[in-house]
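**Student:** Once you know that position 35 of the sequence shown is 35 in UniProt numbering, the rest is easy, because the numbers rise by one and skip nothing. Glycine included, each C-beta is placed from N, C-alpha and C at the ideal position. No experiment lies behind these values; they were computed from the predicted model shown.
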Amino acid sequence: MKANKNIRQEDWELLARELFDEPDSQVCPIPVDESDQRQLRQLTKKIDLHYRLKKYDTAGALSQVKGRIQKNRSKAISRFMILRTLKIAAAVILALIIGSAAYYVGQRQIAQQHMAGVMVDDAGLSQIELSDGTLVTLNRDTKIKYPDQFANDIREISIEGEAFFEVTPNPSKPFVIHAGEATVKVLGTSFSVNAYPENDRVEVIVATGKVEVSKLANLQKITLDPGDKGTFINSSKQLTKSLNDNPNFLAWKTRTFIFNETALAEVIQQLNKVYRVHIELPDHRLDELLLNAHFEKETLDFILEVISNTHGLDVKKQGGRYLLLKKEA
Numbered sequence: 001m002k003a004n005k006n007i008r009q010e011d012w013e014l015l016a017r018e019l020f021d022e023p024d025s026q027v028c029p030i031p032v033d034e035s036d037q038r039q040l041r042q043l044t045k046k047i048d049l050h051y052r053l054k055k056y057d058t059a060g061a062l063s064q065v066k067g068r069i070q071k072n073r074s075k076a077i078s079r080f081m082i083l084r085t086l087k088i089a090a091a092v093i094l095a096l097i098i099g100s101a102a103y104y105v106g107q108r109q110i111a112q113q114h115m116a117g118v119m120v121d122d123a124g125l126s127q128i129e130l131s132d133g134t135l136v137t138l139n140r141d142t143k144i145k146y147p148d149q150f151a152n153d154i155r156e157i158s159i160e161g162e163a164f165f166e167v168t169p170n171p172s173k174p175f176v177i178h179a180g181e182a183t184v185k186v187l188g189t190s191f192s193v194n195a196y197p198e199n200d201r202v203e204v205i206v207a208t209g210k211v212e213v214s215k216l217a218n219l220q221k222i223t224l225d226p227g228d229k230g231t232f233i234n235s236s237k238q239l240t241k242s243l244n245d246n247p248n249f250l251a252w253k254t255r256t257f258i259f260n261e262t263a264l265a266e267v268i269q270q271l272n273k274v275y276r277v278h279i280e281l282p283d284h285r286l287d288e289l290l291l292n293a294h295f296e297k298e299t300l301d302f303i304l305e306v307i308s309n310t311h312g313l314d315v316k317k318q319g320g321r322y323l324l325l326k327k328e329a
């Protein structure tokens with residue numbers, strides 16, 4: 001294309017409008033043939049593209065693209081984390097449900113096993129055989145708590161009331177009884193524990209073996225041999241040791257009574273305790289009358305008849321009470 005050096009500035013502007021589809025009312029004064037015009041159009045488009053590329057913010061565009069990619073990745077990661085968290089939460093909830101169900105079923109099974117392990121003898125007393133073979137005879141109104149299976153290093157129970165224990169020997173696994181604030185520890189022996197809360201005392205009497213009694217408040221402890229009695233007074237927190245002078249301490253279990261020159265008031269007290277009745281001596285002059293007798297699994301009526309014949313007394317029953325009265329001359 002030949003250059004035309006005589007074109008004015010105004011003509012160049014008209015030519016540019018013509019080339020870039022901006023027609024003017026004036027006719028383009030520059031004579032340009034069709035071939036030159038096509039070449040000029042292509043050249044001007046390249047120039048325009050060049051300047052547009054220069055004006056475009058490539059770094060900014062790249063930053064935007066990276067931002068969109070990162071945002072999409074964050075959304076994907078967030079969705080993944082949410083799904084993962086939901087899966088973990090579902091697993092935890094499922095484990096809790098299964099654990100709770102297992103605990104509930106286990107507790108029901110333990111309760112059923114405990115109920116199955118309770119027997120009632122002829123005297124109406126409850127007998128329990130623990131998982132280690134230990135036999136426990138419970139007096140009336142007695143509560144005992146024990147596990148279905150003992151731990152590996154200790155056999156531990158608690159009691160309120162009165163019970164007789166025949167503990168299976170196991171030197172490596174002590175047998176521990178919690179009775180209020182007193183603790184009884186044995187390795188293998190037979191003994192009784194009297195721990196009714198209303199009596200304000202815990203009494204431990206050893207039949208065979210050796211027993212250790214301690215209190216929670218401090219490290220004080222005593223060791224009991226056969227025939228010994230340990231007493232813990234709840235109100236004074238005193239722990240004492242003495243010889244057992246009551247031959248009838250197991251009468252509630254054996255229904256065997258030995259009375260050697262025993263005051264009638266004490267006899268009546270023993271009978272009331274064992275048979276759960278209310279016997280009275282209205283005339284307190286009768287309290288000091290002495291009784292020598294040996295009863296083994298006899299009925300209450302038979303024992304009262306022996307007492308009345310021995311001392312010339314009348315037995316009268318009024319409601320739920322028995323009255324021992326001096327016979328009238």
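(1) What's the C-alpha gap between E198 and N234?
(2) Where do the ends of the alpha helix (DSSP H) carrying E266 lie?
(3) Measure the Cβ-Cβ separation of M202 and V211 and say whether it is below 8 Å.
(4) Buried or exposed: where does N248 fall if 16 or more other Cβ atoms within 10 Å of its Cβ makes it buried?
(5) So, is N194 buried or exposed, given that buried needs 16 or more other C-beta atoms within 10 angstroms?
(6) In the DSSP assignment, what residue or residues form a beta bridge with G319?
(7) Determine the closest residue to L216 out of V206, L271, V186, G180, with distance taken between C-alpha atoms.
(8) Mind reading off the beta-carbon distance from K130 to Y146? Whole number of angstroms is fine, and I expect it under 8 Å.
(9) Since L324 contacts S308 with CB under 8 Å, what's their CB separation in whole angstroms?
(10) Can you have a look at G230 and say buried or exposed, based on whether 16 or more other CB atoms are within 10 angstroms of its CB?
(11) Note down the Cα distance separating G320 from V267, rounded to an integer number of angstroms.
(12) Which residue wins for smallest C-alpha separation from D153, given the options S172, R285, G209, E298?
(13) Please find out if some non-hydrogen atom of the ligand ADP comes closer than 7 Å to the beta-carbon of N260.
(14) So what does DSSP say about D200, is it helix, strand or coil?
**Tutor:** On the basis of the coordinates in this document:
(1) Within the model, the alpha-carbon separation for E198 versus N234 is close to 10 Å.
(2) For E266, the enclosing alpha helix (DSSP H) stretches over residues 264-275.
(3) Met is not the amino acid found at residue 202; the sequence shown has Val there. Their beta carbons are not under 8 Å apart, which means V202 does not touch V211 by this criterion.
(4) Result: buried.
(5) Flag for N194 reads buried.
(6) Answer is none; G319 lacks a bridge partner.
(7) The residue with the shortest Cα to Cα distance from L216 is G180.
(8) The sequence as given places Leu at residue 130; Lys does not occur at that position. Sure, about 6 Å apart at Cβ, within 8 Å.
(9) About 7 Å separates the beta carbons of L324 and S308, which is inside the 8 Å limit, making them a contact pair.
(10) Buried, because 16 or more other Cβ atoms sit within 10 Å of the Cβ of G230.
(11) A straight line joining the alpha-carbon of G320 with that of V267 spans about 19 Å.
(12) Just measuring C-alpha positions, the residue of S172, R285, G209, E298 sitting nearest D153 is S172.
(13) Absence of the ligand ADP is noted for the structure shown, with no ligands found whatsoever.
(14) The answer is coil: DSSP assigns D200 none of H, G, I, E or B.
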